[in-house]
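These notes concern the structure reproduced below.
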Amino acid sequence: MKLSASAESAVLHREAELAERYLRSRALLERARRSIPGGFHLSGRPLVDDDTTPLYFEGGRGAIIRDVDGHEYVDFLMAFGAHLLGYAREEVDRAAAEQARRGGLLSLNHSFHVQLVEALLPKLPGAEMGAFFKTGSEATTAALRIARAHTGRRMVVRAGYHGWHDWCLPLESFVPRGLDAQVLEFRANDPGTLERILAEHGKDVAAVILAPEMVLPFEPAVLHELLRLTHSHGALLVMDEVKTGLRIAPGSISERIGLVPDLITVSKALANGWPLAFVAGKRHVMQAAAGMHYSATYHGDTVAMAACLATLEVAEAEKTREHVELLGQRLIDGLNGLAQELDVPARAYGEPLSAMPFFRFTYPEPAQNALVTRLFYREVLARGFLLHPRHLWFICGAHTQQQIEQTLGGCRSALVASLQLLRS
Ligand SMILES: Cc1ncc(COP(=O)(O)O)c(C=O)c1O
Numbered sequence: 027m028k029l030s031a032s033a034e035s036a037v038l039h040r041e042a043e044l045a046e047r048y049l050r051s052r053a054l055l056e057r058a059r060r061s062i063p064g065g066f067h068l069s070g071r072p073l074v075d076d077d078t079t080p081l082y083f084e085g086g087r088g089a090i091i092r093d094v095d096g097h098e099y100v101d102f103l104m105a106f107g108a109h110l111l112g113y114a115r116e117e118v119d120r121a122a123a124e125q126a127r128r129g130g131l132l133s134l135n136h137s138f139h140v141q142l143v144e145a146l147l148p149k150l151p152g153a154e155m156g157a158f159f160k161t162g163s164e165a166t167t168a169a170l171r172i173a174r175a176h177t178g179r180r181m182v183v184r185a186g187y188h189g190w191h192d193w194c195l196p197l198e199s200f201v202p203r204g205l206d207a208q209v210l211e212f213r214a215n216d217p218g219t220l221e222r223i224l225a226e227h228g229k230d231v232a233a234v235i236l237a238p239e240m241v242l243p244f245e246p247a248v249l250h251e252l253l254r255l256t257h258s259h260g261a262l263l264v265m266d267e268v269k270t271g272l273r274i275a276p277g278s279i280s281e282r283i284g285l286v287p288d289l290i291t292v293s294k295a296l297a298n299g300w301p302l303a304f305v306a307g308k309r310h311v312m313q314a315a316a317g318m319h320y321s322a323t324y325h326g327d328t329v330a331m332a333a334c335l336a337t338l339e340v341a342e343a344e345k346t347r348e349h350v351e352l353l354g355q356r357l358i359d360g361l362n363g364l365a366q367e368l369d370v371p372a373r374a375y376g377e378p379l380s381a382m383p384f385f386r387f388t389y390p391e392p393a394q395n396a397l398v399t400r401l402f403y404r405e406v407l408a409r410g411f412l413l414h415p416r417h418l419w420f421i422c423g424a425h426t427q428q429q430i431e432q433t434l435g436g437c438r439s440a441l442v443a444s445l446q447l448l449r450s
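All residue numbers for the sequence shown refer to the working numbering, where the first residue is 27 and numbers rise by one.
So, in structure tokens, the structure goes:
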């Protein structure tokens with residue numbers, strides 16, 4: 027997209043102004059480049075670019091996060107969805123701190139290991155047995171290992187982001203050779219793509235793993251068809267609800283649409299920022315995990331378990347799962363209204379449900395789309411709203427109706443300013 031000379035100079039001028047806002051962030055990045063490959067961990071990479079958006083943060087409370095330059099933001103990333111209730115939720119962190127004082131990680135088992143499994147199983151469809159892990163990547167990896175042990179088959183078919191482990195990146199040159207023949211990919215929206223893979227490899231496929239947010243627009247019939255196809259070839263369906271599990275009422279997408287998966291993985295909404303993940307499933311499937319090696323030193327950590335028990339209690343008492351959908355829908359409606367009012371090609375939607383909203387420009391020309399996206403998100407951040415340009419957003423229990431209205435106001439002002447820059 028060709029900008030006029032005056033628009034180009036207006037954009038450069040604004041970039042220079044914004045760069046002044048984030049001086050401490052940039053200084054930390056310069057230091058980090060000397061000791062961290064690339065200067066940041068991958069999930070901490072720049073929202074737009076290094077200079078014109080904040081990169082380092084120092085604290086959060088409720089729905090507000092504060093950067094190292096002293097700016098506050100209404101945060102809609104929530105540490106990639108890890109804070110269902112909002113940052114530093116008193117009851118959760120108190121329970122975690124008390125548990126830490128009791129030793130936290132003990133030599134063998136703790137009653138929490140039993141208590142928490144018992145608390146979680148009834149909340150997940152078909153779940154009769156479960157096991158704890160620390161991250162979503164571990165949970166999905168373990169679920170597939172269990173599926174392989176149960177079926178005696180080796181291949182898996184996947185749709186969605188399931189983590190960073192080798193099997194999740196089978197085409198990369200840095201993973202062991204041959205994974206690409208063991209891990210195949212289908213398009214979640216198109217059951218025909220799964221059908222074709224299963225027609226060819228069905229008897230070797232242990233599991234189909236699906237992150238349900240990949241079915242966009244959300245269409246329960248598609249998910250049921252994927253389950254039917256999977257079972258018709260004797261494979262197991264793993265619903266990867268690491269993002270969605272226990273974030274929405276009545277507990278998961280599977281539950282919501284009456285789908286009973288063979289295995290389910292959950293993590294992000296469990297323990298309000300404390301690391302925990304869970305694999306659960308049908309008894310006869312999970313039994314394959316008995317005696318299997320998937321244990322790790324920190325799997326027995328009870329601090330995150332205490333945090334999880336407290337999170338479950340607060341989320342239940344405050345109807346957080348209903349709240350996040352309600353406010354998410356208001357944000358989506360407001361953003362769509364804004365795009366219409368300003369006559370901008372853009373669309374807000376739940377990815378896939380309103381608790382996880384997203385907003386995308388839809389200019390037909392990719393370069394123009396990329397430019398407006400960049401300008402808009404920079405301006406949104408400069409106005410105190412942390413909205414991610416590439417990753418779906420998360421509403422938390424601490425977001426208020428008033429903050430949603432403020433965010434819509436900020437988005438309006440950011441959009442008007444971005445369009446003005448382009449027209450200058
Ligand atoms: C659906 C899904 N599965 C698995 C993962 C991996 O979880 P983690 O980043 O905790 O390893 C993610 C992370 O975003 C996810 O969204």
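Even glycine gets a Cβ: it sits at the ideal position worked out from N, Cα and C.
Opening and closing residue of the alpha helix (DSSP H) in which residue i lies
| i | result |
| --- | --- |
| V140 | 137–146 |
| P238 | Looking at the DSSP string, P238 is not in any alpha helix (DSSP H), and its letter there is neither H nor E. |
| F106 | 104–107 |
| F402 | 392–408 |
| A36 | 31–47 |
| V350 | 346–367 |
| E226 | 217–227 |
| H250 | 246–258 |
| C422 | Note, C422: premise wrong, no alpha helix (DSSP H); not H, not E. |
| I279 | 279–282 |
| M27 | Per DSSP, M27 belongs to no alpha helix (DSSP H) and is neither H nor E. |
| C194 | First-last for C194: undefined, no H or E at that position. |
| V340 | 329–343 |
Contact belief for residue i with residue j at Cβ below 8 Å, rounded distance in angstroms
| i | j | result |
| --- | --- | --- |
| V286 | S280 | 7 Å |
| V37 | I172 | With a Cβ gap of about 52 Å, V37 and I172 do not count as contacting. |
| V209 | V182 | 5 Å |
| L111 | G423 | 4 Å |
| I274 | R347 | 5 Å |
| K160 | P390 | About 44 Å separates the two Cβ atoms, so there is no contact after all. |
| Y99 | L412 | 4 Å |
Through-space distance from residue j to residue i, alpha-carbon basis
| i | j | result |
| --- | --- | --- |
| T167 | A408 | 39 Å |
| R356 | L255 | 36 Å |
| E198 | A165 | 22 Å |
| E251 | E221 | 10 Å |
| Q125 | G299 | 15 Å |
| E386 | A372 | The sequence given here has Arg at residue 386, not Glu. Rounded to whole angstroms, R386 to A372 spans 5 Å at the Cα level. |
| T433 | A89 | 12 Å |
| W193 | R179 | 15 Å |
| V264 | Y82 | 36 Å |
| H139 | T328 | 8 Å |
| R213 | A333 | 36 Å |
| L132 | A42 | 52 Å |
| A261 | E344 | 39 Å |
| S321 | S163 | 14 Å |
| K229 | F66 | 43 Å |
| R282 | G70 | 32 Å |
| E46 | R59 | 20 Å |
| D23 | Y48 | Nothing can be reported for residue 23: it is not among the residues displayed for the chain, which extend from 27 to 450. |
| P243 | G326 | 39 Å |
| E34 | G85 | 36 Å |
| L289 | V234 | 10 Å |
| H414 | R115 | 23 Å |
DSSP beta-bridge partners of residue i
| i | result |
| --- | --- |
| E211 | R184 |
| Y113 | G88 |
| D119 | DSSP, once it has assigned bridges, lists no residue as partnering D119. |
| V201 | The partner list for V201 (beta bridge, DSSP) is empty, contrary to what the question assumes. |
| P383 | G376 |
| V305 | A157, T291 |
| F411 | V100 |
| D93 | F83 |
| V231 | M181 |
First and last residue of the uninterrupted beta strand (DSSP E) at residue i
| i | result |
| --- | --- |
| L448 | Premise fails: L448 lies in the alpha helix (DSSP H), 427–449, not in any beta strand (DSSP E). |
| A372 | 372–376 |
| D101 | 98–101 |
| V292 | 289–292 |
| V264 | 262–267 |
Cβ neighbour criterion (16 or more within 10 Å) applied to residue i
| i | result |
| --- | --- |
| T426 | exposed |
| A393 | exposed |
| T337 | buried |
| Y403 | buried |
| A247 | exposed |
| A53 | exposed |
| K269 | buried |
| P276 | exposed |
| A185 | buried |
| S32 | exposed |
| H349 | buried |
Any non-hydrogen atom of ligand 2 within 8 Å of residue i CB
| i | result |
| --- | --- |
| L364 | Ligand 2 is not part of this structure, which contains only ligand 1. |
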